[in-house]
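Numbering of the sequence shown is given in this note's numbering, commencing with residue 2 and proceeding in unit increments.
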Amino acid sequence: MRKLLWVLSALFILAFHVPANAIYYRVVRHGPDKIFQDGFKPWGKNDNFFQHTNGQSCNRHRVAPENRDIEGSKYISLAATLAGALEFARGRLTPARPQIPDPALRLWIYEVRPTQTTYNAALTFERANVNLMQGAMRIPYLNAIVLAEWDDVQAIAPERIRAARQYQLINGQVVEVQGTYVLNPRYVDIPDDPNPNPLPATVLTGTPTFMNRTRTVVAAAAAGLVSACWCESASVGPAKRSTDPTAATSGDSCESGILQFNEIVPRVRYTPVNGWAVEL
2 MRKLLWVLSA LFILAFHVPA NAIYYRVVRH GPDKIFQDGF KPWGKNDNFF QHTNGQSCNR
62 HRVAPENRDI EGSKYISLAA TLAGALEFAR GRLTPARPQI PDPALRLWIY EVRPTQTTYN
122 AALTFERANV NLMQGAMRIP YLNAIVLAEW DDVQAIAPER IRAARQYQLI NGQVVEVQGT
182 YVLNPRYVDI PDDPNPNPLP ATVLTGTPTF MNRTRTVVAA AAAGLVSACW CESASVGPAK
242 RSTDPTAATS GDSCESGILQ FNEIVPRVRY TPVNGWAVEL
């Protein structure tokens, strides 16, 4: 009897201490009426991770002649922390100088349950045996660190989206719009975890030409360092980059709204002892 009580007590303790599912985040302009119904879909089937993190397969650089034929990315970017999602939201909500922030502009941050199809972006860079100190890999790698980026290799079904909150920019800070938190009735709460392994090193095969790297640096200086692949998928059709904030295509509006992001996010510093560190 005593042994049975001990076993039951142990099972109760284990059940009580089962950790909650990890929750990641995604920032989009679409409201819950659409996202809770459709989920998140990728841009295409391109598994070149460099082109994804560099924005080439998500419209940002596809306007360049050498990138127009690049297939859309298969990856869907997420942030492992709310802080990372808020930094990205701040980058999207902050206009280029000398424009005044639009108080009516709102974004939604969705809570997403990661699965074994969700991979750590920074770890993928670190395990790929590529030079992260300089060259084309440096900026995408820093983005992955600052934004706590993970990437899903499949479409994210509505059943994996738990809830959403709306945010706006007030005095340079991203603030939750009170009363907008909404739960997804289609969400399925099952035990799951992100994949602990990196993506295979072969996905980092992008080696841009010198001219393409120059365009990338110029575009980064003009439009911030964050990849446009964080934006929701644009409508089907030729890749284009809109500068009109009222553009109907949400993906185009997103990438045109990513401005001066490198001045907004925390600075990233490298030291031989500690490696990469974010200076808050």
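Ideal Cβ positions, reconstructed from N, Cα and C, are used throughout, including at glycine.
Please go through the same chain and pick out, in chain order, the residues whose beta-carbon is closer than 7 Å to the beta-carbon of residue i, but skip the five residues on each side of it.
i    : result
R114 : N22, I24, R161, R163 and D193
L1   : Since the first and last residues shown for the chain are 2 and 281, residue 1 lies out of range.
N132 : M138
L83  : Y26
Q100 : none
Mark residue i as exposed unless 16 or more other C-beta atoms lie within 10 angstroms of its C-beta, in which case mark it buried.
i    : result
G85  : buried
Q174 : exposed
V176 : exposed
P186 : exposed
I191 : exposed
I140 : buried
Out of the options, which has the shortest C-alpha to C-alpha gap to residue i?
i    : options                 : result
G32  : N196, Y168 and L200     : Y168
S74  : K42, A202 and P197      : K42
R107 : A122, A90, Q100 and L83 : A90
N198 : L94, I140, R30 and T116 : T116
How big is the Cα-Cα spacing for residue i and residue j?
i    : j    : result
P239 : Y76  : Residue confidence for P239 is low, a pLDDT of 34 falling below 50, so the modelled location carries little weight; the figure read from the coordinates is stated next. Going by the C-alpha atoms only, they are around 19 Å apart.
Q57  : E72  : 9 Å
S251 : A149 : Residue confidence for S251 is low, a pLDDT of 43 falling below 50, so the modelled location carries little weight; the figure read from the coordinates is stated next. One C-alpha to the other measures close to 23 Å.
Y182 : I36  : 14 Å
A105 : E88  : 19 Å
P102 : A122 : 31 Å
M134 : G92  : 24 Å
V59  : N144 : Looking at the sequence shown, residue 59 is not Val but Cys. Distance between the alpha carbons of C59 and N144 is about 15 Å.
Q38  : Y188 : 11 Å
H53  : G45  : 11 Å
T95  : L170 : 8 Å
Y142 : R30  : 25 Å
F211 : N196 : Because the pLDDT at F211 is just 36, under 50, the model does not fix this residue reliably, and the point stays unresolved.
Going by the beta-carbon positions, is the gap between residue i and residue j smaller than 8 Å?
i    : j    : result
E112 : Y26  : yes
T118 : Q179 : no
V28  : I110 : yes
D152 : L79  : yes
D48  : V204 : yes
G40  : A165 : no
A202 : A129 : yes
Which residues in the same chain as residue i place their Cβ atom closer than 6 Å to its Cβ, once the five residues preceding and following it in sequence are excluded?
i    : result
L184 : A164
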